[in-house]
Structure formats: structure tokens, C-alpha cells
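> Let me begin by handing over the structure; questions about it come next.
Numbering (our numbering), first residue to last: 74 to 162.
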């Protein structure tokens, strides 16, 4: 599954693999920004210095979980499932 990535000013970058995220965290080049969905923040990268591809976020609301898909123009990049923490009142 892909890990969401932010630059040092909290602007979104392209997602990376779990292995790359783990290496960035071990080397001190990234910090954990959020646990759900797991997001890291790079400490030495800006959005203007990065190459970005156009992506769309698609949501699939279910009865117990919500599915999230990051989609490029012609292919599915990564899908995730989140437990719903809201609206159980």
C-alpha cells in the first residue's frame, strides 16, 4: 500500500511505497505526520522542487468502512480502506 507524503510546508507530494517511507523515517529525512491514513512529512523537500503527476481521489462510502482510491489518468495507483470514526452517534 502507498504512504501519503507531504513536503515540509505540509503540501501534498506523490505517494511512496511502504519500504521507501520506512527508509526515509530511519534516515531522519521524514517525520510521521498522521497515523490514519498513514502520512509522512519530509523535512528537506518542497513541492516546487518535486515532480507531480495529476491524480484523482475517489471515495467509496460503505456501511462500516470507507474505501479510498488514488487514481492516475489511466490506471489505479493504490486503494485503501479506512474504518469510519465519525457519525456513530
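Where a beta carbon is used, it is the ideal one built from N, C-alpha and C, also for glycine. Keep in mind the model is a prediction, meaning the values are calculated, not measured.
Per DSSP, what kind of secondary structure is residue 75 in: helix, strand or coil?
Position 2 of the chain shown, counted from the start, is the residue given in the question as residue 75. Residue state, collapsed to three classes: coil.
> Under the rule that 16 or more other beta-carbon atoms within 10 Å means buried, what is residue 105, buried or exposed?
As a working mapping, residue 105 is identified with position 32 in the chain shown. Under this definition residue 105 is an exposed residue.
> What does the alpha-carbon distance come out to for the pair residue 111 and residue 77?
Counted from its first residue, the chain shown places residue 111 at position 38. Counted from its first residue, the chain shown places residue 77 at position 4. Between residue 111 and residue 77, the C-alpha separation is close to 7 angstroms.
> Is the distance from the Cβ of residue 132 to the Cβ of residue 143 below 9 angstroms?
Taking the first residue of the chain shown as position 1, residue 132 is located at position 59. Taking the first residue of the chain shown as position 1, residue 143 is located at position 70. No, the Cβ-Cβ distance between residue 132 and residue 143 is not below 9 angstroms.
> Taking the C-alpha atoms as reference points, what is the distance between residue 117 and residue 95?
In the chain shown, counting from the first residue as 1, residue 117 sits at position 44. In the chain shown, counting from the first residue as 1, residue 95 sits at position 22. When rounded, the distance between both Cα atoms is 16 angstroms.
> Quick one: is residue 145 buried, meaning 16 or more other Cβ sit within 10 Å of its Cβ, or exposed?
Residue 145 sits at position 72 when you count from the first residue of the chain shown. Its Cβ having fewer than 16 others within 10 Å, residue 145 is exposed.
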